[in-house]
Amino acid sequence: MTRALVAALAALAHLAAAADAPAATLVIRVEGVRSNQGAIYAGVCATGFDERDCPYKIRGAAAAGTVELRIRDVEPGDYAIAVFQDLNGNGRIDRPFFVPTEPYGFSNDAGRRGLPRFEAAKVSVREPTTTVVIPLR
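All the letters of the sequence shown, read from the start, carry residue numbers 878 to 1014 under our numbering.
1) For V976 and I905, I'd like the C-alpha separation in whole angstroms.
2) Could you tell me the distance, in whole angstroms, from the CA atom of Y981 to the CA atom of V907?
3) Three or more C-beta pairs closer than 8 Å, one from the region 934 to 948 and one from the region 982 to 992: is that the case here?
4) For A885, count neighbouring C-beta atoms within 10 Å of its own C-beta (all shown protein chains included) and say buried if the count is 16 or more, exposed if not.
5) I need the straight-line Cα distance from A900 to P932, nearest angstrom please.
6) When the Cα atoms are used, what is the spatial distance from R990 to Y956?
7) Is the CB-CB distance between L946 and A919 below 7 Å?
8) Skipping 5 residues on each side, what residues in its chain have a beta carbon closer than 7 Å to that of G968?
9) Identify every residue that forms a DSSP beta bridge with T1006.
10) With a floor of 4 residues, list each alpha helix (DSSP H) that falls wholly inside the region 942 to 998, ordered by position along the chain.
11) Just to confirm, is the Cβ distance from T902 to T1006 under 7 Å?
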């Protein structure tokens, strides 16, 4: 009985600590959106650019000029951010012959000649709010 009580209290303490863990709001400001067509997708990646490495994802309506995407409750840390404008609504970036045909960008404006190294695109997300500006190309 005592062992079960200790285990239950430990579990509750863990849940309480998780509830009190600091969280940040990440604002992704996508600049250079050329049209209202489609949607803007962003992936906030913790270790690489594979989809399973990106714990935070968001989609927003495209609007010519600048689009702001807001993700709440982001665990503070280092991330790299990839964005693209899905012009044809298929939910993915089109890359025939591995060359993107839809506008895209990365944090730190990395990857001017293809997929950047994670380290080149890495940004620090801190509480309460971090804003990252990403130009589309």
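Even for Gly, the Cβ is constructed at its ideal location relative to N, Cα and C. No experiment lies behind these values; they were computed from the predicted model shown.
This is what the structure holds:
1) 24 Å
2) 10 Å
3) no
4) Bear in mind that the predicted position of A885 carries a pLDDT of just 40, short of 50, making it unreliable; the figure below should be weighed with that in mind. So A885 ends up on the exposed side.
5) 14 Å
6) 20 Å
7) yes
8) none
9) T902
10) 995 to 998
11) yes
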